[in-house]
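Residue numbers (full-length UniProt numbering): 1 to 180.
A virtual CB, placed ideally from N, CA and C, is assigned to each residue, including glycine.
Everything below concerns the one structure shown next.
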């Protein structure tokens, strides 16, 4: 427990100013920014046993901070606006840069994995997931049965799960989620 406290103190001292400044930049209220920044670190402490699963701690901290600010805005400041407004606002103001980089990395990993599939599986997967064709449309386009299209798709997903299982961390898990 003492080791946890010492490590937490180091993290707190290292990240406090960055997290506080980011929140203050968004909410423009010093007292609220301080409260929310403290809440970020309270949450980190509460979930310290799960931190080993976090691949990029700084991105994790900023995500927690963003979510807390969103929750606060929803509750107190802008109760009538939708989630889409908040997401658009944060995206437009560059707050979610880490997520954009992670998404780019995920797309690269997914495309590289799809390219490892056998030709017919790759065609079916690409037509279905990326081009949005139905299994009937794929069957007509590739001159195969609808059932064959479904079978190729199921096998492609299974193979992609195996390929992506080689990669550790949350990015592979996210990729698996997108394949369901």
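Quiz prompt | Under the three-state DSSP convention, the category residue 56 falls into | solution = What you label residue 56 is simply residue 56 of the chain shown in a count that begins at 1. In this structure, DSSP gives residue 56 a state outside helix and strand, which the three-state scheme calls coil.
Quiz prompt | Best match in 11, 9, 39, 13 for proximity to residue 23 [C-alpha to C-alpha] | solution = Mapped onto the chain shown, residue 23 falls at position 23. Minimum Cα distance to residue 23 is reached at 39.
Quiz prompt | residue 31 versus residue 53: straight-line alpha-carbon distance, rounded | solution = Locating residue 31 in the chain shown gives position 31, counting from the first residue. Locating residue 53 in the chain shown gives position 53, counting from the first residue. It is roughly 32 Å from the alpha-carbon of residue 31 to the alpha-carbon of residue 53.
Quiz item: When the Cα atoms are used, what is the spatial distance from residue 140 to residue 120?
Solution: Your numbering for residue 140 matches position 140 in the chain shown. Your numbering for residue 120 matches position 120 in the chain shown. Distance between the alpha carbons of residue 140 and residue 120 is about 14 Å.
Quiz item: Where does residue 130 land, buried or exposed, given buried means 16+ other C-beta within 10 angstroms?
Solution: Here residue 130 refers to the residue found at position 130 of the chain shown. The residue is exposed, with fewer than 16 neighbouring Cβ atoms inside 10 Å.
Quiz item: On the premise that residue 124 lies in contact with residue 152, defined as a C-beta separation below 8 Å, what is that separation, rounded to the nearest angstrom?
Solution: Your numbering for residue 152 matches position 152 in the chain shown. Your numbering for residue 124 matches position 124 in the chain shown. Contact check for residue 152 and residue 124: beta-carbon distance about 4 Å, within the 8 Å limit, so the pair qualifies.
Quiz item: Between residue 146 and the rest of its own chain, which residues show a CB-CB distance below 7 Å, the 5 nearest in sequence each way excluded?
Solution: Sequence index remark: in the chain shown, residue 146 carries index 146 (1-based). Counting only Cβ-Cβ distances below 7 Å, and skipping sequence neighbours, we find 135, 136, 139.
Quiz item: Considering only the beta carbon of each residue, do residue 43 and residue 69 sit closer than 7 Å?
Solution: The residue you call residue 43 lines up with position 43 of the chain shown. The residue you call residue 69 lines up with position 69 of the chain shown. Cβ distance not < 7 Å, so residue 43 and residue 69 don't count as in contact.
Quiz prompt | Anticipated Cβ contact below 8 Å, residue 156 with residue 117, distance rounded | solution = Numbered from its first residue, the chain shown carries residue 156 at position 156. Numbered from its first residue, the chain shown carries residue 117 at position 117. At roughly 6 Å, the Cβ-Cβ gap stays under 8 Å, so residue 156 and residue 117 are in contact.
Quiz prompt | Between the CA atoms of residue 12 and residue 20 - distance to the nearest angstrom | solution = Residue numbering aside, residue 20 sits at position 20 when the chain shown is read from its first letter. Residue numbering aside, residue 12 sits at position 12 when the chain shown is read from its first letter. Cα to Cα, residue 20 sits roughly 11 Å from residue 12.
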